[in-house]
Structures are given as C-alpha cells and as structure tokens.
Amino acid sequence: LQKAEYQVKTAFEKEHLINVELEKTLQDLQQTQSKLFSSEKLASIGQLTAGVAHEINNPINFVYGGIQSLQVLLENLFEVLDKYKELDKLEAQNIEKFRQEIRILKEDIEYEDLLVELKNSIMDIKIGAERTTEISKSLRIFVRADEDTLQKADIHNGIDSTLVILRNQYKDRIKIVKNYDPELPKIECYFGKLNQVFMNLLSNAIQAIKNEGMITIQTQQKGNHAEITITDTGSGISEENRQNLFKPFFTTKQVGEGTGLGLSISKTIIEKHHGTINVSSELDKGTTFTINLPIVAEIE
C-alpha cells in the first residue's frame with residue numbers, strides 16, 4: 001500500500017509539473033500569437049503609410065491652393081471696398097465721376113468673375129477639409145485602441161474606413177461596388193480585429209487585379225448570422241494554392257510584398273468570433289471570400 005501510495009503521489013506530482021509546463025507553453029503561444037497579430041497589423045499599416053500620405057496630400061493641396069487664391073481674390077475685393085469708403089467724403093457733383101471710377105476698377109479686376117472664383121475657392125477649401133477629416137476618421141476607426149474590447153459595431157463602417165485608407169491603391173482603375181444590407185444589425189465583435197480582416201482581404205483583392213477591374217462587397221443577414229462576401233475580378237487562385245491559403249507564412253507574393261500571415265491571422269480572428277471564412281476562385285476570372293459571423297457574440 002505504501003508503494004502504491006508513493007506511485008500515485010509521484011504520478012500526481014508529474015501530472016502537476018506537466019500541467020504547469022503546458023500552462024506556461026500556452027501562455028507563451030498566446031503571447032507569440034499576440035505578437036504575430038501586432039506585427040502583421042504593423043506591417044499592413046507600414047505598407048499603407050506612403051499611400052495614405054499621398055491620399056492626404058491631395059486634399060491638403062486643395063486647401064493650400066484655395067487659400068492662396070482666396071488671398072489674391074480678397075485683396076482685389078478689399079480694393080473695391082476701400083474705394084467705396086471714399087463715398088462719404090464726396091460732394092454731390094462728384095458722385096457720377098466716382099461711379100465711373102468704380103466701374104473702371106471693377107472691370108480691371110473682373111469683379112463678376114472674382115465673385116465666382118471666390119465661391120469656388122471657398123468650396124475647394126471646404127472639400128479639402130472634409131476629405132482630410134474623412135481620411136483621419138477612417139484611420140482612427142481602423143487603428144482604434146479598443147480592438148480587444150467586445151462591442152456592438154456597424155461592420156459597414158469598418159469596411160468603408162478600410163476602403164478610404166486603401167483608396168490610393170485602387171482609384172482610377174478598380175470600381176468598388178457596395179451591395180450593403182441597410183437592415184443588417186450591429187454585431188458583437190472585436191471591431192479592431194475585424195477591420196484587420198477587411199484590410200487583408202481587400203488588399204489581396206486589389207493586388208489580384210493587375211489593371212482595371214471590379215471589387216464587389218455584399219452584406220446580408222442570414223438567420224442569426226451576418227454574411228460578408230468580397231469578390232474581385234482578379235487573376236484567381238489555383239486549386240493547389242487554395243489548399244494552403246490559410247496556412248501561416250504561405251504566400252504567392254514576391255519577397256518583401258507580404259508576410260504570409262494575413263489570411264492565417266484573418267481565419268484565426270474569424271474563428272475567435274465563432275464564425276467561418278471560405279474561399280472560391282477560378283483562374284483568370286476572380287476570387288470570392290465569404291465570411292459568416294454570429295450577430296450576437298458566442299465568444300468565450
């Protein structure tokens with residue numbers, strides 16, 4: 001009995017040590033996964049920095065150019081206003097001469113055209129400011145600090161903000177078609193992480209289209225799930241590559257163009273939401289990614 005008791009005690013001690021080691025390994029794996037998620041997101045943001053800078057530069061040029069024009073136009077307008085200040089000092093017999101001087105001055109500065117250009121300059125400044133605000137808002141949505149907080153969110157906002165950030169990569173060559181379900185409710189999710197999925201899928205779709213093409217984004221409610229499909233008219237994916245698509249570090253891109261983690265991490269994020277992600281593709285015709293997410297979180 002003493003021998004059996006010793007063996008049982010020893011077995012329990014070994015099991016405890018194994019459990020401690022497994023728990024430590026699990027913690028290490030979770031830390032590694034967290035670092036991979038962060039590094040992939042940082043890599044994505046790093047690749048986008050130049051494009052976003054260029055995208056912001058355009059509306060800033062609108063504002064700067066509008067202000068320069070506004071300065072010149074206002075100087076001419078003030079010249080007319082200053083001339084009118086002389087009116088109070090004039091005697092009645094000089095009024096007609098003054099009116100003639102005003103007419104000549106207005107003709108010299110093309111007064112009517114000046115008023116039109118003044119309105120256009122103000123509109124340019126407004127458009128530039130609104131465009132810059134839109135980009136800034138989209139960046140805040142994409143890199144929001146509360147990405148690890150479960151919350152109700154409108155996934156359309158996440159998709160739209162991602163498209164704004166990526167616009168420099170597809171504008172003037174790829175048509176974006178949005179078939180959003182206006183009745184789709186907000187879903188409980190880790191919003192920042194879902195935005196990372198949208199970034200990965202939309203970036204891949206854009207890169208798959210070498211010249212001109214189209215990306216169609218559709219959302220709809222199916223029972224208690226939200227379905228999101230992203231379809232491109234790009235080069236497609238071979239059967240062999242589709243089998244490896246969600247494996248870590250697998251990539252068909254050139255060295256330096258991708259980490260090979262984007263789709264693997266996207267699948268992990270979707271599975272964390274108790275959702276699914278599937279792909280269908282045909283070479284030279286395009287690819288469709290389909291995501292299904294529970295509207296009410298089942299996340300443990």
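Residue numbers (this note's numbering): 1 to 300. Beta carbons are placed, not taken as given, at the ideal position from N, Cα and C, and that holds for glycine.
Rounded C-alpha distance that separates residue i from residue j
i: Ala226; j: Gly158; result: 14 angstroms
i: Ile209; j: Leu194; result: 23 angstroms
i: Val63; j: Ile122; result: 9 angstroms
i: Thr231; j: Ile237; result: 13 angstroms
i: Ile295; j: Thr268; result: 18 angstroms
i: Asn76; j: Lys85; result: 15 angstroms
i: Ile270; j: Phe289; result: 12 angstroms
i: Leu74; j: Ile56; result: 27 angstroms
Own chain residues within Cβ distance below 6 angstroms of residue i, not counting five before or after
i: Thr276; result: Asn292
i: Tyr170; result: Ile206
i: Asp172; result: none
i: His156; result: Tyr180
i: Leu70; result: Ser121
Reduced DSSP secondary structure (H/G/I, E/B, other) of residue i
i: His225; result: strand
i: Gly286; result: strand
i: Gly158; result: helix
i: Thr216; result: strand
i: Asp232; result: strand
i: Pro294; result: strand
i: Ser238; result: coil
i: Asn211; result: coil
i: Ile277; result: strand
i: Leu245; result: coil
i: Tyr64; result: helix
i: Leu81; result: helix
i: Tyr180; result: coil
i: Ile109; result: coil
Sequence-distant residues of the same chain with beta carbon closer than 7 angstroms to residue i, five excluded per side
i: Gly65; result: Asp124
i: Lys175; result: Met214
Pair within 8 angstroms by beta-carbon distance, residue i and residue j
i: Thr216; j: Asn179; result: yes
i: Ile317; j: Thr132; result: The question about residue 317 has no answer here: the residues shown for the chain are numbered 1 through 300.
i: Ile228; j: Thr219; result: yes
i: Leu166; j: Leu202; result: yes
i: Val197; j: Ser266; result: yes
i: Lys186; j: Asp160; result: no
i: Asp262; j: Asn168; result: Reading the sequence as shown, one finds Gly at residue 262 and not Asp. It is not a contact, given that the beta carbons lie outside the stated cut-off.
i: Gln221; j: Glu183; result: yes
i: Gly286; j: Gly223; result: no
Residues near residue i in its chain [Cβ-Cβ closer than 8 angstroms; skip 5 each side]
i: Val80; result: Ile102, Leu105, Lys106, Ile109 and Tyr111
Short CB-CB distance (under 8 angstroms) between residue i and chain C
i: Asn94; result: Going by chain labels, chain C is absent from the structure shown, which holds only one protein chain.
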